[in-house]
């Protein structure tokens, strides 16, 4: 049996192979229209009961998303699997423009997990949920035998409401729009790798994992025509830009010199041979904004403690000619190269 | 380190140890009011946007639930992990009285899983979702290294709407109510054990795994004052009855002679030393109904192909005197014994 007939690690790395797996196995078998949009949250419509006095049904829009977390190690500089599990789902809801409200937390625990570890993770879940102002309303617990898990896996799902906000989507990006990122790239992925390999760098490198729903809300207030948000997690900025360009049938160009990266993270990534644009982030948000609202959006990001290092990093252009790539990088040296999606595996299991 | 300081298999068996884990670690750390109710689905309220013409906000009730599935083997007589993952979450939503609408499906795949296995499971997910009339609108894929999983773990979360139905809860059971079950007990747990141990019985024993939302709807139509539903999964009927009695501060008595059990399943359970009341079911529903609607509810169950063997199996009574158990079994021999919840582990990983 060849690799192509089995699951390999690269199927989970957020790149091209995962995209193929999703299209070929999941969407083709059971994909509803909402699953096919390619956004991080589904936007579904519920119909309110008949209002006899009103003579019409009220449609109510809801954001709904899920993510499992299998990170190793469970604790790392800047966070832990519990903070990751709450932040990731809150951020996926926030990308749609919804206000995250309710989360589920489901554990798969490995026999032998110290209860003190579980307790510490639960405390982190509680603190992060309080920070994001979401309630954990339902859950599940399964136990698997020693050797059939990795300490603890967590799934969170979440629902959010739109109130007066229209749902956002990567489909809405238009030529001329500006691309913003809320801060430095690469912090999470490098911190995880450092913790796993017990590498020590001169400077402390900490994960950026954080719930960004409040930051998103401020950006939407300052720049109401924002087209979409996307958190550049697995697959990094490269995957995000490729996905957004594909969804909106545009091309996008990122200006390398404008992308904020911490000096220590850049050095560590170079030393480890990692592409900073393919490393996962867990506390950063990409926004695509019409040009006349880009400065307002930037100011709103920078006013948030989690967005101090925000920058305008690129722009949306017309669709590429047939057969040409849609995501480009203008390098610091002035050349232009394709902003490739990860094909194989870079950093497995970092979220 | 003693067992009490680590996760052991019994923490996942749906009995007393799991209840303690949930109370001590999860509810105490981050339990919102909805998590504390003890029902299978949370009922949360969303507020619709202001309707200027109306001058009041509309509150919209939603059921929300989650479950992870870690069953081994992945395929068994009567079903597979995909059918289980859809049915389980559909049934948990249905117990609240909600109409299940949208599901998420999140996979944790083990490196080396044959893609043909994944494809077969996806086909089963699709077929079961179609049967239940729910849409799969969002998902996630993670891959863990060989030896850190068990082929495939699936988490499903789901949302449902109440339309004109008031949410149901185990809290609403009252003395005098009748307890119904929609069919034979023990089929799923015994089928799994048979598949795992490659036991062969003279008669085919198949899992009952199925989505029961249509059956629940018919019962609610026939018996609108139904207090609650509960699917007796992990921990079996014993856990369900103990939980419902505890939630409603009543006692409950089950009449052993009235409980439907297939002859082959009873024989296999006796041979294996299993208590039929503690074995998991995945296609059965317990309903608690006021006495004057019990016959209508029973007829509605029996009219559904998934409820042909339904029976009235017991009744709700006053709260027990302080210190006495709340769940009782009137045995076929005329004695009365406590209907104990599972304390340790009976059948691990059967859902």
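Protein chains in written order, with this note's numbering: chain A, 1 to 351; chain B, 1 to 351. Glycine included, each C-beta is placed from N, C-alpha and C at the ideal position. Computed from a prediction, not measured in an experiment: that's the story for all the values here.
Bounding residues of the alpha helix (DSSP H) (the contiguous stretch that carries residue i)
i	result
residue 155 of chain B	It is not in any alpha helix (DSSP H) - residue 155 of chain B instead sits in the beta strand (DSSP E) that spans 152-161.
residue 110 of chain A	First-last for residue 110 of chain A: 99-110, but that is the beta strand (DSSP E), not the alpha helix (DSSP H).
residue 128 of chain A	115-132
residue 23 of chain A	That residue, residue 23 of chain A, is in no alpha helix (DSSP H); it is neither H nor E in DSSP.
residue 35 of chain B	33-36
Within 8 Å, strictly: CB atoms of residue i and residue j
i	j	result
residue 221 of chain A	residue 300 of chain A	yes
residue 177 of chain A	residue 96 of chain A	no
residue 185 of chain A	residue 90 of chain A	no
residue 207 of chain A	residue 188 of chain A	yes
residue 152 of chain B	residue 74 of chain B	yes
residue 138 of chain A	residue 18 of chain B	no
residue 306 of chain A	residue 182 of chain A	yes
residue 279 of chain A	residue 77 of chain A	no
residue 145 of chain B	residue 341 of chain A	no
residue 72 of chain A	residue 150 of chain A	yes
Closer than 9 Å at the beta carbon, the chain A residues around residue i
i	result
residue 114 of chain B	1, 5, 6 and 7
residue 231 of chain B	The premise fails here: residue 231 of chain B is roughly 13 Å from chain A at the closest Cβ pair, so nothing lies under 9 Å.
residue 122 of chain B	25, 26, 28, 29 and 30
Cross-chain neighbours of residue i in chain B, by beta carbon under 8 Å
i	result
residue 119 of chain A	25 and 29
residue 22 of chain A	139 and 141
residue 323 of chain A	Those do not exist, as residue 323 of chain A stays about 28 Å from chain B at its closest Cβ, beyond 8 Å.
residue 65 of chain A	104 and 138
residue 132 of chain A	Residues of chain B passing the Cβ test: none, with the nearest at roughly 12 Å.
residue 129 of chain A	30
residue 101 of chain A	44 and 46
Neighbouring residues, chain B, relative to residue i (Cβ below 7 Å)
i	result
residue 142 of chain A	12, 68 and 70
residue 18 of chain A	141
residue 35 of chain A	136, 137, 138 and 139
residue 145 of chain A	9
residue 168 of chain A	Ordered by position in chain B, no residue passes the 7 Å Cβ test against residue 168 of chain A, which lies about 15 Å from the chain.
residue 216 of chain A	In chain order: nothing, as chain B lies at least about 18 Å away.
residue 344 of chain A	Ordered by position in chain B, no residue passes the 7 Å Cβ test against residue 344 of chain A, which lies about 12 Å from the chain.
Residue range of the unbroken beta strand (DSSP E) whose run includes residue i
i	result
residue 228 of chain A	228-230
residue 139 of chain B	135-144
residue 62 of chain A	59-69
residue 178 of chain B	178-181
residue 81 of chain B	Element bounds for residue 81 of chain B: not the beta strand (DSSP E) but the alpha helix (DSSP H), 81-95.
residue 315 of chain A	311-317
residue 330 of chain B	327-330
residue 193 of chain B	Element bounds for residue 193 of chain B: not the beta strand (DSSP E) but the alpha helix (DSSP H), 187-197.
residue 46 of chain B	42-47
residue 303 of chain B	First-last for residue 303 of chain B: 294-303, but that is the alpha helix (DSSP H), not the beta strand (DSSP E).
residue 287 of chain A	286-289
residue 337 of chain A	336-338
Per-residue contacts from residue i into chain B (C-beta, under 9 Å)
i	result
residue 41 of chain A	138
residue 329 of chain A	Residues of chain B passing the Cβ test: none, with the nearest at roughly 27 Å.
residue 172 of chain A	Those within 9 Å of residue 172 of chain A in chain B number zero; the least Cβ separation is about 19 Å.
Amino acids of chain A, ordered along the chain, whose beta-carbon sits closer than 8 Å to that of residue i
i	result
residue 210 of chain B	Within 8 Å Cβ-Cβ: nothing; residue 210 of chain B doesn't reach chain A, min ~17 Å.
residue 110 of chain B	7
residue 38 of chain B	Going along chain A, no residue has its Cβ under 8 Å from residue 38 of chain B, so there is no contact; the nearest lies around 11 Å.
Proximity test, residue i beta-carbon vs the ligand COA heavy atom, cut-off 7 Å
i	result
residue 272 of chain A	No copy of the ligand COA appears in this structure; indeed no ligand is present at all.
Partner residues on chain A for residue i, Cβ-Cβ distance less than 7 Å
i	result
residue 126 of chain B	29 and 30
residue 15 of chain B	Near residue 15 of chain B there are no residues of chain A at all, since even the closest Cβ is about 12 Å away, more than 7 Å.
residue 334 of chain B	Under the 7 Å cutoff, chain A gives no residues; its nearest Cβ is about 38 Å from residue 334 of chain B.
residue 97 of chain B	The contacting residues do not exist; residue 97 of chain B stays about 13 Å from chain A at best.
residue 150 of chain B	144 and 148
Subject >> Cβ-based contacts, 7 Å cut-off: residues of the segment 74-93 of chain A near chain B >> reply: none
**OP:** Output the residue ranges of the beta strand (DSSP E) runs that lie fully inside the segment 220-270 of chain A and measure 3 residues or longer, sorted by chain position.
**Re:** 228-230 and 251-255
Original post:
Listed in chain order, which residues of the segment 179-202 of chain B have Cβ atoms closer than 9 Å to some Cβ of chain A?
Top reply: none
Original post:
Got a sec: which bits of the segment 236-266 of chain A sit with their beta carbon under 8 Å from any beta carbon on chain B, in order along the chain?
Top reply: none
Original post:
Relative to chain B, which residues along the segment 154-167 of chain A have a C-beta separation below 7 Å, given in chain order?
Top reply: 155, 157, 159, 161, 163 and 164
**OP:** Taking only beta carbons into account, state which residues of the segment 272-299 of chain A come closer than 9 Å to chain B, listed in chain order.
**Re:** none
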